[in-house]
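Engineer: Structure provided below as structure tokens; questions to follow.
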Amino acid sequence: MNLNFFKKDGEFFKKGYAEIFLFNVLAIVIGLVISSLMLCFLKQNPFSVYAEVFKRIFNDKYSVGEIFVKATPLIFTSLAFAFTYKANLFNIGAQGQFYMGSIVAVALSLAIGDKVPTVIVILLVLILSCLAGALIGGLIGFAKAKTGANEFLVSMMSTYVVQNFMDFLLRTVLRETKAEYLQTNPIPANAFLPRIIPGTRVHLGTLIAVLFAIGVWVLLYKTALGYRIRAVGYNKDASEHAGINSKIIFITAFAISGALAGIAGFTEINGVQHMLLQNFNASIGSFGIGIAILANGHPIGIIFASLLFGFLNVAGTTMGRIPGLNIPASIIDLNEGIVMICVIVSYFLRMRYVSKKEKKRLLLSGGEV
Numbered sequence: 014m015n016l017n018f019f020k021k022d023g024e025f026f027k028k029g030y031a032e033i034f035l036f037n038v039l040a041i042v043i044g045l046v047i048s049s050l051m052l053c054f055l056k057q058n059p060f061s062v063y064a065e066v067f068k069r070i071f072n073d074k075y076s077v078g079e080i081f082v083k084a085t086p087l088i089f090t091s092l093a094f095a096f097t098y099k100a101n102l103f104n105i106g107a108q109g110q111f112y113m114g115s116i117v118a119v120a121l122s123l124a125i126g127d128k129v130p131t132v133i134v135i136l137l138v139l140i141l142s143c144l145a146g147a148l149i150g151g152l153i154g155f156a157k158a159k160t161g162a163n164e165f166l167v168s169m170m171s172t173y174v175v176q177n178f179m180d181f182l183l184r185t186v187l188r189e190t191k192a193e194y195l196q197t198n199p200i201p202a203n204a205f206l207p208r209i210i211p212g213t214r215v216h217l218g219t220l221i222a223v224l225f226a227i228g229v230w231v232l233l234y235k236t237a238l239g240y241r242i243r244a245v246g247y248n249k250d251a252s253e254h255a256g257i258n259s260k261i262i263f264i265t266a267f268a269i270s271g272a273l274a275g276i277a278g279f280t281e282i283n284g285v286q287h288m289l290l291q292n293f294n295a296s297i298g299s300f301g302i303g304i305a306i307l308a309n310g311h312p313i314g315i316i317f318a319s320l321l322f323g324f325l326n327v328a329g330t331t332m333g334r335i336p337g338l339n340i341p342a343s344i345i346d347l348n349e350g351i352v353m354i355c356v357i358v359s360y361f362l363r364m365r366y367v368s369k370k371e372k373k374r375l376l377l378s379g380g381e382v
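Residue 14 is where the sequence shown starts when you use the working numbering, and the numbers rise one by one after that.
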């Protein structure tokens with residue numbers, strides 16, 4: 014079968030970039046407006062509060078750096094969701110794959126961090142964290158391919174399995190020496206990701222995240238494998254008639270997706286936390302979904318969407334530290350959550366708009382709906 018259908022389908026969605034941009038900008042603006050109204054309930058002037066927040070963030074190099082620090086793991090978890098989405102699959106378990114990458118990163122760093130050079134430690138931890146996430150993702154893809162299991166449910170439940178496995182390790186073999194807290198010992202300084210901007214916490218992981226986003230774009234849009242993944246996503250039956258094995262694509266897409274989420278765990282452990290804590294970054298997987306939707310699944314767009322949510326996180330933290338305002342720390346999750354809801358609602362509204370627009374185009378051209 015000729016696969017020109019997929020090319021035409023892709024061209025149609027490219028023509029919709031204006032609608033994507035418009036809907037997403039409106040979603041963000043509406044989300045920020047609603048968030049601002051929350052400040053009114055605290056008897057604060059949103060305009061003066063946000064003006065002070067912008068002033069404090071962009072006049073401080075450390076705070077600007079924090080935007081990139083917060084965005085780094087979000088880039089990976091967003092890429093994880095977007096990658097499977099291109100194959101019309103849903104990886105809801107990036108949180109679990111993130112935790113598995115974190116477990117391997119901290120265990121390996123503690124084991125060899127002070128015994129071998131930094132470069133070798135970082136490379137080994139990066140590779141094994143990647144493989145750990147890929148293993149969890151690959152198992153989900155295998156279940157989908159071999160049994161037809163609902164990948165949405167399987168991936169979601171896998172998060173609980175990995176999370177409980179992490180809790181078990183934190184209560185046993187990985188627990189810190191004094192056994193007072195559910196956390197590990199700090200990893201050796203030799204295993205830290207180097208900081209790349211003096212006076213900030215911006216580490217090498219940020220650069221790695223950007224490079225991986227570019228690499229995913231190349232893989233999806235410039236390689237035969239990427240073409241097959243997108244072809245299965247557009248129409249599984251048609252792609253199988255054209256000789257593409259959709260089952261192999263399911264396993265491959267989930268394995269790569271899991272690998273990306275696993276690397277997010279590596280960047281957080283070796284770049285920021287330097288230890289494994291119970292339930293740390295518990296929302297990073299869910300935020301990755303919203304960011305991927307905001308970027309329409311485009312790897313390069315994900316970089317900028319992640320920076321936006323990194324800014325929202327830093328803005329919320331800054332807001333809570335302004336003297337005399339008494340703004341609770343929960344404002345961070347509130348702001349991000351409201352914007353996330355608006356983005357997701359915008360996505361469904363945009364899909365309805367695009368569908369109606371395409372039906373109208375087909376009717377006018379005399380085609381079938």
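Just so you know, even glycine gets a beta-carbon here, dropped at the ideal spot from N, CA and C.
Check whether the Cβ atoms of A266 and T131 lie closer than 8 Å to each other.
Structural biologist: Against the sequence shown, residue 266 aligns to sequence position 253. Against the sequence shown, residue 131 aligns to sequence position 118. Not closer than 8 Å, so no.
Engineer: Can you tell which of I153, I125, A158 has its C-alpha closest to the C-alpha of M170?
Structural biologist: What you label residue 170 is simply residue 157 of the sequence shown in a count that begins at 1. Of I153, I125, A158, the residue nearest in Cα terms is I153.
Engineer: Can you look up L137 in the DSSP assignment and give me helix, strand or coil?
Structural biologist: Here residue 137 refers to the residue found at position 124 of the sequence shown. L137 falls in the helix class under three-state DSSP.
Engineer: Are the Cβ atoms of A318 and L325 separated by less than 8 Å?
Structural biologist: The residue you call residue 318 lines up with position 305 of the sequence shown. The residue you call residue 325 lines up with position 312 of the sequence shown. Their beta carbons are not under 8 Å apart, which means A318 does not touch L325 by this criterion.
Engineer: So F279 and F300 are supposed to be a Cβ contact under 8 Å. How far apart are they, rounded?
Structural biologist: Counting from 1 along the sequence shown, the entry for residue 279 is found at position 266. Counting from 1 along the sequence shown, the entry for residue 300 is found at position 287. Incorrect: roughly 18 Å between the Cβ atoms, too far for contact.
Engineer: Would you identify the three-state DSSP class for L338, choosing helix, strand or coil?
Structural biologist: Taking the sequence shown and counting its residues from 1, the one referred to as residue 338 is at position 325. Coil at L338, not helix or strand.
Engineer: Since G228 is in the alpha helix (DSSP H), which residue starts that stretch and which ends it?
Structural biologist: For the purposes of this step, residue 228 is identified with residue 215 of the sequence shown, where counting begins at 1. Per DSSP, G228 belongs to the alpha helix (DSSP H) from 217-235.
Engineer: Measure from the alpha carbon of I149 to the alpha carbon of each residue in I140, N177, K159, G114, then state which is nearest.
Structural biologist: In the sequence shown, counting from the first residue as 1, residue 149 sits at position 136. Nearest of I140, N177, K159, G114 to I149, Cα basis: G114.
Engineer: Given a threshold of 16 other Cβ atoms within 10 Å of its Cβ, counted over all protein chains shown, does Q110 qualify as buried or as exposed?
Structural biologist: Counting from 1 along the sequence shown, the entry for residue 110 is found at position 97. Q110 should be labelled buried.
Engineer: Is the CB-CB distance between L320 and A84 below 8 Å?
Structural biologist: Translated into positions along the sequence shown, residue 320 becomes position 307. Translated into positions along the sequence shown, residue 84 becomes position 71. Yes, the Cβ-Cβ distance between L320 and A84 is below 8 Å.
Engineer: From G271, I302, I242, I269, pick the residue whose C-alpha is nearest to that of I257; which is it?
Structural biologist: Along the sequence shown, read from residue 1 onward, the residue named residue 257 stands at position 244. Nearest C-alpha to I257: I242.
Engineer: On the criterion of 16 or more Cβ atoms from any shown chain inside 10 Å, does T90 qualify as buried, or is it exposed?
Structural biologist: Taking the sequence shown and counting its residues from 1, one reaches residue 90 at position 77. T90 comes out buried.
Engineer: Give a yes or no on whether 8 Å exceeds the smallest Cβ distance from A244 to chain E.
Structural biologist: Of the chains in the structure shown, none is chain E; there is only one protein chain.
Engineer: Is Y366 helix, strand or coil when you go by DSSP?
Structural biologist: Here the question's residue 366 lines up with position 353 in the sequence shown. Reduced to three states, the DSSP call for Y366 is helix.
Engineer: Suppose only complete runs of 4+ residues qualify. What are the alpha helix (DSSP H) ranges in the stretch 36-92, listed by chain order?
Structural biologist: Taking 4 residues as the minimum length, the alpha helix (DSSP H) runs contained wholly in the stretch 36-92 are 59-71, in order along the chain.
Engineer: CB-CB under 6 Å to L139, same chain, minus the five flanking residues each way: which ones, in chain order?
Structural biologist: For this step, residue 139 is matched to residue 126 along the sequence shown. Same-chain partners within the cutoff: F279.
Engineer: Kindly identify the DSSP beta-bridge partner or partners of L290.
Structural biologist: In the sequence shown, the residue the question calls residue 290 occupies position 277. Paired residues: Q196.
Engineer: According to DSSP, simplified to helix, strand and coil, what is R243?
Structural biologist: Counting from one through the sequence shown, the residue named residue 243 turns up at place 230. Correct three-state label for R243: helix.
Engineer: The alpha helix (DSSP H) spanning S122 covers which residue range?
Structural biologist: Indexing the sequence shown from 1 puts residue 122 at position 109. Residues 107-125.
Engineer: If R214 sits next to V82, beta carbons under 8 Å apart, how far is it from one beta carbon to the other, in whole angstroms?
Structural biologist: The sequence position of residue 214 within the sequence shown is 201, counting from 1. The sequence position of residue 82 within the sequence shown is 69, counting from 1. Right, their Cβ atoms sit about 5 Å apart.
Engineer: Should K235 be labelled buried (16 or more other beta-carbon atoms within 10 Å of its own) or exposed?
Structural biologist: Within the sequence shown, the letter at position 222 stands for residue 235. K235 comes out exposed.
Engineer: What residues match up with R208 in a beta bridge as DSSP calls it?
Structural biologist: Walking along the sequence shown from the start, residue 208 turns up at place 195. The partner list for R208 (beta bridge, DSSP) reads H216.
Engineer: Could you tell me the alpha carbon to alpha carbon distance between D346 and F293, rounded to whole angstroms?
Structural biologist: For this step, residue 346 is matched to residue 333 along the sequence shown. For this step, residue 293 is matched to residue 280 along the sequence shown. Spanning the two alpha carbons is a distance of roughly 14 Å.
Engineer: With a cut-off of 8 Å on the beta carbons, I'd call N101 and G246 a contact; round off their distance for me.
Structural biologist: Position 88 of the sequence shown, counted from the start, is the residue given in the question as residue 101. Position 233 of the sequence shown, counted from the start, is the residue given in the question as residue 246. Between G246 and N101 the Cβ distance is about 4 Å, and since that is below 8 Å, they are a contact.
Engineer: Since I believe I316 is in contact with A226 (beta carbons under 8 Å), could you give me their beta-carbon distance rounded to a whole number of angstroms?
Structural biologist: Taking the sequence shown and counting its residues from 1, the one referred to as residue 226 is at position 213. Taking the sequence shown and counting its residues from 1, the one referred to as residue 316 is at position 303. Taking a contact as a CB-CB distance under 8 Å, the pair A226 and I316 counts as one, their CB atoms being some 5 Å apart.
Engineer: Within 10 angstroms of the Cβ of M353, are there 16 or more other Cβ atoms? Answer buried if so, exposed if not.
Structural biologist: Taking the sequence shown and counting its residues from 1, one reaches residue 353 at position 340. Burial call: buried.
Engineer: Whole-angstrom Cβ separation of A328 and I297, contact assumed at under 8 Å?
Structural biologist: To locate residue 328, count along the sequence shown from 1; it is residue 315. To locate residue 297, count along the sequence shown from 1; it is residue 284. That belief does not hold up - the Cβ atoms of A328 and I297 are roughly 18 Å apart, past 8 Å.
Engineer: By DSSP, does I301 sit in helix, in strand, or in coil?
Structural biologist: Translated into positions along the sequence shown, residue 301 becomes position 288. Reading off the sequence shown, one finds Gly at residue 301, where the question assumed Ile. Helix.
Engineer: Would V231 be called buried (16 or more neighbouring beta carbons within 10 Å of its own) or exposed?
Structural biologist: Walking along the sequence shown from the start, residue 231 turns up at place 218. That one is exposed.
Engineer: Under the three-state reduction of DSSP, which class applies to N248: helix, strand or coil?
Structural biologist: As a first step, residue 248 is located in the sequence shown; it is residue number 235 there, counting from the start. Three-state DSSP puts N248 in coil, outside helix and strand.
Engineer: Please report how far the alpha carbon of A5 lies from the alpha carbon of T330, in whole angstroms.
Structural biologist: The question about residue 5 has no answer here: the residues shown for the chain are numbered 14 through 382.
Engineer: Would you be able to state if there are at least three C-beta pairs under 8 Å between the stretch 38-57 and the stretch 352-371?
Structural biologist: yes
Engineer: Can you look up R188 in the DSSP assignment and give me helix, strand or coil?
Structural biologist: Looking up residue 188 in the sequence shown gives position 175. DSSP places R188 in coil when its eight states are reduced to three.
Engineer: If you draw a straight line from the alpha carbon of V175 to that of Y112, how long is it in whole angstroms?
Structural biologist: Walking along the sequence shown from the start, residue 175 turns up at place 162. Walking along the sequence shown from the start, residue 112 turns up at place 99. Those two C-alpha atoms are separated by around 7 Å.
Engineer: Output needed for L16: all residues of its chain with C-beta closer than 7 Å, excluding positions within five of it in sequence on either side, in chain order.
Structural biologist: Along the sequence shown, read from residue 1 onward, the residue named residue 16 stands at position 3. For L16, the predicted structure reports a pLDDT of 42, less than 50, and the residue's modelled location is therefore unreliable. A value from the coordinates is still provided. Non-local beta-carbon contacts of L16 in its own chain, meaning distances under 7 Å to residues more than five positions away in sequence, involve A244, A255 in chain order.
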